[in-house]
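One structure below.
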Amino acid sequence: MLHKEKPDYNRNQYGFYTLDQIVPDEHFLRQVEAVIDFDFIYDLVEDTYSSDNGRPSLDPVMLVKIPLIQCFYGIRSMRQTIKDIEVNTAYRWFLGLTLDDKVPHFTTYGKNYSRRFQEKGLIESIFTHILGLCINTGLIDPTEIFIDGTHIKAAANTRKFINREVEKQAKFMSEQLEIEINRDREKHGKKPLGPAKELEPVAKKISTTDPESGWFHKGDHKEVFAYSAQVACDKYGWALAYSVEAGNIHDSQAFPALFAKLEPLKPQFIIADSGYNIPSIAKFLIDKEITPVLPYTRPRGKKDLLRPKELIYDEHFDCVICPEHQALTYRTTTREGYREYKSDPAICANCSLLSVCTTSKNRQKVVTRHIWKDYLEQCEDIRHQRGMKELYQHRKETIERLFGTAKEYHNLRYTREKGKSKWKIRLD
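Encoded structure:
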């Protein structure tokens with residue numbers, strides 16, 4: 001039997017309901033409200049409000065919950081979030097608003113954040129508090145931490161930029177490396193190097209739209225302004241820490257800021273990709289008794305020449321042995337931290353492997369070895385231990401899945417805000 005509804009009749013009906021009755025018992029926002037007590041926010045922001053002056057403020061808990069709704073449901077903008085709150089009873093219930101209450105203007109959150117919350121790091125404090133709750137309840141296991149970086153396109157026109165000389169960023173552990181270089185030189189009877197010259201400025205493209213973003217080479221042909229987000233998660237995929245840098249900052253340079261947030265969690269394993277497979281990070285983690293789980297990195301070398309693994313380092317005699325069993329002896333330790341080992345040109349001139357060994361005009365083979373190379377070799381030994389290969393493969397279902405979810409469902413494929421501080425709010 002055909003039935004026709006009468007929309008106008010249904011729309012004009014009156015009913016006596018409470019807002020609590022309208023929101024389903026299994027609604028996600030009910031679950032959030034049940035497990036998180038947001039009252040701790042009042043203590044965090046109390047000193048940013050006057051106790052005896054001015055009009056009553058908007059509830060700071062409500063101001064924090066509004067961007068949470070935007071994040072949970074992947075709403076593109078704060079303006080659209082406010083429009084959705086106006087008509088969504090579950091959102092109103094979560095915020096503590098009645099059906100008659102007026103929803104705050106979409107600029108209200110931004111004004112309160114910039115004037116009250118930004119300097120206090122409120123959003124990061126909330127993240128840390130909730131992370132602590134998860135650890136205390138056993139939801140998070142920080143013994144195995146997966147880290148990685150991803151680039152997120154900035155809201156900046158690629159044609160609007162200026163060329164400017166900026167200071168070159170010092171490498172990770174550069175001060176300690178300088179000390180150990182001179183120690184190594186003295187051990188070999190060489191004079192210590194003098195103080196390093198100031199790093200020469202380098203020319204970079206600076207966006208006039210978003211100066212804090214960085215020029216990033218995306219593939220072989222595409223170049224964009226972007227940000228680099230470094231994120232760490234546990235084996236269950238829970239985000240533990242993050243940092244935001246310009247898109248032209250390498251993963252290894254962004255590592256110190258990220259690890260500073262991870263160290264209090266006392267991880268036992270750090271699992272990372274080849275971008276972190278450098279001597280300074282390997283030494284840093286091993287010295288802290290943390291096991292680095294890093295992938296195999298193919299040695300670099302010229303095509304059609306001897307592969308690096310065919311030249312064997314002899315630790316006892318501190319020399320390098322070539323395939324013809326000739327020794328390349330130590331000559332110096334460079335300011336970059338590499339020991340140089342050189343062959344005898346008189347012997348090399350009559351060698352049958354000369355054509356595949358070196359292309360130098362003086363027929364001398366030069367091999368370099370970083371003074372912290374032993375730590376990379378330890379990482380290689382760890383890679384071959386039982387269970388390490390399987391542990392590394394979990395990256396695709398932890399940190400890589402986390403990035404995929406963030407970009408697909410939480411609008412983190414592109415930035416819509418300009419400036420690092422505003423972009424960090426999105427990551428929070």
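Following the UniProt record's numbering, the numbering of the sequence shown begins with 1 at its first residue and continues without gaps.
Glycine included, C-beta positions come from ideal geometry on N, C-alpha and C.
Check                                                                                                                                                                   : Outcome
Which residues share a DSSP beta bridge with G214?                                                                                                                      : A226
Pick out whichever of L262, A203, P256 has its Cα sitting closest to the Cα of R164.                                                                                    : A203
CA-CA distance, H250 and T358?                                                                                                                                          : 31 Å
Is the beta carbon of F172 closer than 8 Å to that of S252?                                                                                                             : yes
When DSSP builds the beta bridges, which residues end up paired with residue 451?                                                                                       : One cannot answer for residue 451 here, as it falls past the ends of the chain, which runs 1 to 428.
Closer than 8 Å is the cut-off here; do at least three beta carbon pairs connect the segment 262-272 with the segment 281-299?                                          : yes
Flag this pair as touching only if the segment 222-233 and the segment 128-139 have three or more C-beta atom pairs under 8 Å; answer yes or no.                        : no
Can you list, in chain order, the residues of its chain with a C-beta nearer than 8 Å to that of P256? Leave out the 5 residues immediately preceding and following it. : F172
Does DSSP put E198 in a helix, a strand or coil?                                                                                                                        : coil
To the nearest angstrom, how far is it from the Cα of T18 to the Cα of P104?                                                                                            : 22 Å
Report yes or no: do the segment 300-315 and the segment 390-404 share at least 3 C-beta pairs separated by less than 8 Å?                                              : no
Note down, one range per segment and in chain order, each alpha helix (DSSP H) of at least 4 residues found wholly within the segment 107-195.                          : 122-136, 174-187
What are the boundary residues of the alpha helix (DSSP H) that includes Y409?                                                                                          : 399-409
Which parts of the segment 311-360 are runs of the beta strand (DSSP E), unbroken and 3 residues or longer, counting only runs that do not cross its ends?              : 312-314, 319-321, 327-333, 338-342
Give the straight-line distance between the Cα atoms of K187 and L44, rounded to the nearest whole angstrom.                                                            : 54 Å
Only counting the same chain, and skipping five residues up and downstream in sequence, which positions put a Cβ closer than 7 Å to that of C71?                        : H410
Would you be able to state if there are at least three C-beta pairs under 8 Å between the segment 312-330 and the segment 205-216?                                      : no
Give a yes or no on whether the C-beta atoms belonging to R363 and Y313 are separated by under 8 Å.                                                                     : no
Going by alpha carbons, who is nearest to G419 out of G247, D141, D37?                                                                                                  : G247
Can you round the beta-carbon distance between G337 and L177 to whole angstroms, since I take them to be within the 8 Å contact cut?                                    : 5 Å
According to DSSP, is Y17 helix, strand or coil?                                                                                                                        : coil
Name, in chain order, the residues that DSSP records as bridge partners for V367.                                                                                       : Y341
Are the Cβ atoms of K235 and T398 separated by less than 8 Å?                                                                                                           : yes
Could you spell out where the beta strand (DSSP E) holding A246 opens and where it closes?                                                                              : 239-246
Would DSSP call S51 helix, strand or coil?                                                                                                                              : coil
Pull up the distance between the alpha-carbon of S360 and that of T332, whole angstroms please.                                                                         : 19 Å
Under a Cβ-count criterion, where at least 16 other Cβ atoms within 10 Å of its own Cβ denotes burial, should I281 be classed as buried or exposed?                     : buried
Which residue's Cα is closest to the Cα of K389: F106, Y341, D273, I278?                                                                                                : D273
Distance check for Q31 and Y49, CA to CA, integer angstroms please.                                                                                                     : 30 Å
If L353 sits next to E324, beta carbons under 8 Å apart, how far is it from one beta carbon to the other, in whole angstroms?                                           : 6 Å
If you follow the alpha helix (DSSP H) that V32 is part of, which residue opens it and which one closes it?                                                             : 28-35
Could you have a look at T291 and say whether DSSP puts it in helix, strand or coil?                                                                                    : strand
Report the CB separation of T158 from F225 in whole angstroms; it is logged as a contact under 8 Å.                                                                     : 6 Å
Among G110, W238, E144, which has the Cα closest to the Cα of R79?                                                                                                      : G110
Could you pull the DSSP bridge partners for A90 from this structure?                                                                                                    : Its beta-bridge partners do not exist; DSSP assigns none.
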